Each structure stands twice: as C-alpha cells, then as structure tokens.
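Participant: In this note's numbering, the protein residues as written are -5 to 444.
Where a beta carbon is used, it is the ideal one built from N, C-alpha and C, also for glycine.
If you're wondering where the values come from, they're calculated on a predicted model, not measured in any experiment.
Would you mind keeping the following structure in view while I ask a few things?
Structure below.
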C-alpha cells in the first residue's frame, strides 16, 4: 500500500524552542532573557502576550512526552536557554539550571526518544543585551561558556547538539527590522554585523562542544536556507538553481560551509559588509557533523544567462497557493532541492529537516471539539514526499522534525499563530490532537508517506 518508504532507522521527530513553550522563566534560578524583557514593552507583542506561562511545558513535560510517545516519535529537538544556565551571560553558572533538562532527557530516553539539543534559540541573557548584545563580539565568545557547561553535564546522554538556530533570521529581525527582541532598527550594516557575530558564536560553541563532549557526540548548526527550485527540471535549470542557491545563501550557509564570505556578497554589500578576521572565519568554517535545515517555502525560477547568478526568479502570481502568512507560499519541492544543492555543493555532513510546518487557523469543531487541520495535512504530506524522494536518491537525510509539537508563543505574533500538531487551550492548558497528529502518527507507523 505504501511505496514511499523512508530508510530503516530514519528519525521521526518534532521541534520546539524553550521560550516558546516552557513558561516559568525564573524557576530553578533562571535569569531574565532579552525576549522576556521585550515582551513587557507595551505593543511589542501582538495582544501584549507574555512568556510567563506559555504552554507550561516546564511543569507538564511528562504529559508532553506522553504525547510524543503516542505519536511514535523517535527524536525531539529542544533548546536549553543561555538565560537559565548563566543568568548574567558569563561568569558562574547557575547550579540548578540543568535540573529540569536532566529530568526531561531521562524521561525522553525512557520512552525511546532521542534528544537533540539546540544551544541557542534566541534566548539571549538580558545582562548581555545591556552590554551591546549581538552587536558586541564579547557576546559571541561568552556563548562558549554556556555551551561548555551544557555539554559537560549532558553529553553522557545527549548525542546530538546544534549550536545556533537561524543566525540570519535572528539578526535581521532583532537588529534590522526591530520586530524581535531587543526590537532595534539599526540598519543593514548592524544587522549584517550581528549576523556575523552570531555565526562567530556558532564557531565558538562548536569548539566548546568538541572540547567538552563525551566520545560519539555530533555537532552542527540549524539554518533557514533560501531554497531555489527549478520551475521545471532540466539540466540547464537544475544547474542554474544550484548556482543561485549559493548566491541566495551567501550570508547564511556559505560562510559556515566554506569559511569565507563570497566576493560577490562583500562587493554587493560594500560599506555594509560585516567586519571580521581570518581567525574568526576559521572558527566559523570548522567542519560539521550535521546540518539542520528549517524549510518552510522556497522560490522557483529558470536559467537566465544574462544575470550574475545565472538564475531568474519567477514571482508567485496572485492565485498561487498561500498559507496563513504571506511569506509562506506553498512550494514543497523546496525540501528536495535544498537538500540536493547542499550535497552537490558541500558533501559530507548528515542532514536533518530541523523544522517544517505551517500555521493554520485551527478552530475546534463545534460538533466534537477536534481540529480538522486538513491544510496542514496537505502541506506535510507534500513536503514529506519530497523528503522521501531525497532519501531514495541517496541524499544523507537522517531525520525529520515537524514544527511544532504544540501550539505556542510565536514570537512577535504572540499566541495568535498556531503551528502545533496538538491544539493548546492557553487558558486551561488542555492539549488536543489535531487531524495532523493522526496523519503524522500514521506516517511514523508506516515509515512512509501515506
């Protein structure tokens, strides 16, 4: 019945971020994060939503792991906030900060679920922000203390670590557009410099992992690459899409995979280009064991020899399928082509889809209270078909993490955008499986798109 099988041992997971689900930010001695500080500014977050409770995962983690077990998950990606481990950002660690994560990891392993830890998912200690935050390279180097502390204590049970989540998105939204904490609109030069400083933190944390982890641990980065998809497949379009992928990700994956910014990027940015040293680029470009890709959409186009990249983007017409957000156009082939481009350009590391999902209105049915999110089912099915295609061609895709396990705090949009497989009533904290949870459970059970 199911001919779209995934390889044996393929990891089926879900992903979350601490600040989006945990709540209780100061329990066990946690410090203030830049996001907690930001949410208390009137008008910063839609509906003035705050992080104090979120999904109350800090207290309900056993219930949530039971939901993971019922889905059949074999992996779970979560973050450990720097603002909990070292409340001042540097100096003496908080001795109780890992107690919750010790319990979480033990419970995951007892249920056959492999933990994947992200060391920075935007949880900057407010104390570091007040010293300049990611505009200051001191923040980049201080992040190594957080990484070393976590890895020393957890790498006996955690085998997979990611350093930083979406450096480019984080830097641009936080210091360029000003829509994410700390909410600063400082222009492109500052945004590109903070992006570089975030990549520098990746290099520092990667070195800390390698110096402190138990044998057998793997390390890498999570990035939201821009996927270039040929409008139709031909030798000419496919090659142009690959060249365009490197152009499009010149300030995302390229510095990490090549240890340098491309000349065309530096020339195009001119005075806005980031300032860096050879030593910093050596840290940034250290070899990776794994890459996590956050893929939601992509652009499509055709070969065009008249352009520097050899590629011409075809704009999405008004009637093209679009999900709840205007940036989220329906282009499931983005998964296959992003994976293929990476293998062609930079072979070696294992690959994971670290996030893939979509927001839908998710209104419970008046008849039975269930959420029949058929749009999300359609979205996931088509994206999983493209992931499966990649595995049949020998691309080293080792696992897939749906975003997200639970409806949660969606940054500047507060609790208004729902990505979860489980509907969360934020007044009662009741979790209710959606139709997409049933679909994903069946996929995992069959190890195939169905």
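Are the beta-carbon atoms of residue 323 and residue 380 separated by less than 7 Å?
Facilitator: On the chain shown, residue 323 is found 329 positions in, with the first residue counted as 1. On the chain shown, residue 380 is found 386 positions in, with the first residue counted as 1. The answer is no: Cβ separation not under 7 Å.
Participant: Between the C-alpha atoms of residue 75 and residue 182, what's the straight-line distance to the nearest angstrom?
Facilitator: As a working mapping, residue 75 is identified with position 81 in the chain shown. As a working mapping, residue 182 is identified with position 188 in the chain shown. Cα to Cα, the separation comes out at about 27 Å.
Participant: Quick check on residue 424: buried or exposed, where buried means 16 or more other Cβ atoms within 10 Å of its Cβ?
Facilitator: Within the chain shown, numbered from 1, the residue matching residue 424 stands at position 430. So residue 424 ends up on the exposed side.
Participant: Taking residue 276 as the reference, give the member of 194, 336 and 406 with the closest Cα.
Facilitator: As a working mapping, residue 276 is identified with position 282 in the chain shown. Nearest of 194, 336 and 406 to residue 276, Cα basis: 194.
Participant: Taking C-alpha atoms, which residue in 439, 293 and 309 lies nearest to residue 330?
Facilitator: The count along the chain shown starts at 1 and reaches residue 330 at position 336. Of 439, 293 and 309, the residue nearest in Cα terms is 293.
Participant: Are the CB atoms of residue 318 and residue 353 nearer to each other than 7 Å?
Facilitator: Counting from one through the chain shown, the residue named residue 318 turns up at place 324. Counting from one through the chain shown, the residue named residue 353 turns up at place 359. Taking 7 Å as the Cβ cut-off, residue 318 and residue 353 qualify as a contacting pair.
Participant: Can you list, in chain order, the residues of its chain whose CB lies under 6 Å from that of residue 341, leaving out five sequence neighbours each side?
Facilitator: The residue labelled residue 341 in the question sits at position 347 within the chain shown. Cβ neighbours of residue 341 beyond the five flanking positions: none.
Participant: Does the structure place the region 142 to 152 close enough to the region 110 to 118 that three or more beta carbon pairs sit under 8 Å?
Facilitator: Verdict: yes, contact present.
Participant: For residue 446, which option in 119, 161 and 165 has the closest C-alpha, if you only look at C-alpha atoms?
Facilitator: Examination of residue 446 is not possible in this model, given that the chain is present from -5 through 444 alone.
Participant: Report buried or exposed for residue 439, applying the criterion of at least 16 other Cβ atoms within 10 angstroms of its Cβ.
Facilitator: By 1-based counting over the chain shown, the position of residue 439 is 445. Exposed.
Participant: Are the CB atoms of residue 432 and residue 390 nearer to each other than 7 Å?
Facilitator: The residue given as residue 432 occupies position 438 in the chain shown. The residue given as residue 390 occupies position 396 in the chain shown. No, they are not a contact pair.
Participant: So does residue 181 have its beta carbon nearer than 6 Å to some heavy atom of the ligand FAD?
Facilitator: With respect to the ligand FAD, the structure offers nothing, as it holds no ligand at all.
Participant: With a CB to CB cut of under 7 Å and the five nearest residues on each side skipped, what residues in its chain are close to residue 333?
Facilitator: In the chain shown, counting from the first residue as 1, residue 333 sits at position 339. Closer than 7 Å at the Cβ level, and outside the excluded window around residue 333, lie 345, 384, 389 and 391.
Participant: Would residue 400 and residue 414 be called neighbours here (beta carbons separated by less than 7 Å)?
Facilitator: Position 406 of the chain shown, counted from the first residue, corresponds to residue 400. Position 420 of the chain shown, counted from the first residue, corresponds to residue 414. Closer than 7 Å, so yes.
Participant: Please report the straight-line C-alpha distance between residue 299 and residue 305, rounded to a whole angstrom.
Facilitator: Against the chain shown, residue 299 aligns to sequence position 305. Against the chain shown, residue 305 aligns to sequence position 311. Residue 299 and residue 305: Cα-Cα distance of roughly 7 Å.
Participant: In this structure, how does DSSP classify residue 289 when only helix, strand and coil are distinguished?
Facilitator: Translated into positions along the chain shown, residue 289 becomes position 295. Three-state result, residue 289: coil.
Participant: Could you name each continuous alpha helix (DSSP H) segment of 4 residues or more that falls completely within the region 34 to 78, going from the start of the chain to the end?
Facilitator: The qualifying runs are 51 to 65.
Participant: Helix, strand or coil for residue 424? Go by DSSP, reduced to three states.
Facilitator: Sequence index remark: in the chain shown, residue 424 carries index 430 (1-based). Three-state result, residue 424: coil.
Participant: What are the boundary residues of the beta strand (DSSP E) that includes residue 306?
Facilitator: Counted from its first residue, the chain shown places residue 306 at position 312. Taken as a continuous stretch (DSSP letters only), the beta strand (DSSP E) holding residue 306 covers 305 to 308.
Participant: Can you name the start and end residues of the alpha helix (DSSP H) that residue 324 belongs to?
Facilitator: The residue labelled residue 324 in the question sits at position 330 within the chain shown. No alpha helix (DSSP H) contains residue 324, which DSSP labels as neither H nor E.
Participant: From which residue to which residue does the alpha helix (DSSP H) around residue 274 run?
Facilitator: Position 280 of the chain shown, counting from 1, holds the residue named residue 274. Per DSSP, residue 274 belongs to the alpha helix (DSSP H) from 272 to 278.
Participant: Compute the Euclidean distance between the alpha carbons of residue 137 and residue 155, then round it to the nearest angstrom.
Facilitator: Here residue 137 is taken as the residue at index 143 of the chain shown, counted from 1. Here residue 155 is taken as the residue at index 161 of the chain shown, counted from 1. Taking the straight line from one Cα to the other gives about 14 Å.
Participant: May I ask you to verify whether the region 203 to 213 touches the region 234 to 241, counting CB pairs closer than 8 Å and requiring at least 3?
Facilitator: Judged by Cβ distances under 8 Å, the region 203 to 213 makes no contact with the region 234 to 241, as fewer than three pairs qualify.
Participant: Could you tell me whether the region 11 to 18 touches the region 41 to 53, using the rule of 3 or more Cβ pairs below 8 Å?
Facilitator: At 8 Å Cβ cutoff, the stretches touch.
Participant: Determine the closest residue to residue 303 out of 295, 309 and 310, with distance taken between C-alpha atoms.
Facilitator: The residue you call residue 303 lines up with position 309 of the chain shown. Cα-wise, what sits closest to residue 303 is 295.
Participant: Go to residue 184, then tell me how far its alpha helix (DSSP H) extends in each direction, as first and last residue.
Facilitator: Looking up residue 184 in the chain shown gives position 190. From DSSP, the alpha helix (DSSP H) with residue 184 extends over 181 to 206.
Participant: Could you tell me which residues DSSP puts in a beta bridge with residue 159?
Facilitator: Here residue 159 is taken as the residue at index 165 of the chain shown, counted from 1. BP columns for residue 159 point to 216.
Participant: Keeping to the same chain, check which residues put their C-beta closer than 8 Å to that of residue 447; ignore five residues upstream and five downstream.
Facilitator: The question about residue 447 has no answer, for the chain in this structure spans -5 to 444.
Participant: Since residue 224 is in the alpha helix (DSSP H), which residue starts that stretch and which ends it?
Facilitator: Taking the first residue of the chain shown as position 1, residue 224 is located at position 230. It is not in any alpha helix (DSSP H) - residue 224 instead sits in the beta strand (DSSP E) that spans 222 to 224.
Participant: Go to residue 93, then tell me how far its beta strand (DSSP E) extends in each direction, as first and last residue.
Facilitator: By one-based count along the chain shown, residue 93 stands at place 99. Not the beta strand (DSSP E): residue 93 falls in the alpha helix (DSSP H), residues 93 to 104.
Participant: Residue range of the alpha helix (DSSP H) that residue 138 falls in?
Facilitator: The residue given as residue 138 occupies position 144 in the chain shown. Looking at the DSSP string, the run of the alpha helix (DSSP H) that includes residue 138 is 131 to 148.
Participant: State the DSSP-derived secondary structure class of residue 403, mapped to helix, strand or coil.
Facilitator: As a first step, residue 403 must be located in the chain shown, where it is residue number 409. Coil, per DSSP.
Participant: Might you give, ordered along the chain, the residues of its own chain that have their beta carbon closer than 7 Å to the beta carbon of residue 94, omitting 5 neighbours on each side?
Facilitator: As a position in the chain shown, residue 94 is number 100, starting the count at 1. For residue 94, where only same-chain residues beyond five positions count, the Cβ hits under 7 Å are 22 and 52.
Participant: Which residues in the same chain as residue 190 place their Cβ atom closer than 7 Å to its Cβ, once the five residues preceding and following it in sequence are excluded?
Facilitator: Counting from one through the chain shown, the residue named residue 190 turns up at place 196. Taken in chain order, the residues that qualify are 268 and 270.
Participant: Below 7 Å CB to CB, which residues in the same chain sit around residue 165 once its five sequence neighbours on both sides are set aside?
Facilitator: Numbered from its first residue, the chain shown carries residue 165 at position 171. Excluding residues within five positions, the ones whose Cβ falls inside 7 Å are 128, 185, 188, 189 and 192.
Participant: Return the Cβ separation of residue 250 and residue 279 in integer angstroms, given the expectation that the two are a contact with Cβ distance under 8 Å.
Facilitator: Against the chain shown, residue 250 aligns to sequence position 256. Against the chain shown, residue 279 aligns to sequence position 285. At roughly 7 Å, the Cβ-Cβ gap stays under 8 Å, so residue 250 and residue 279 are in contact.
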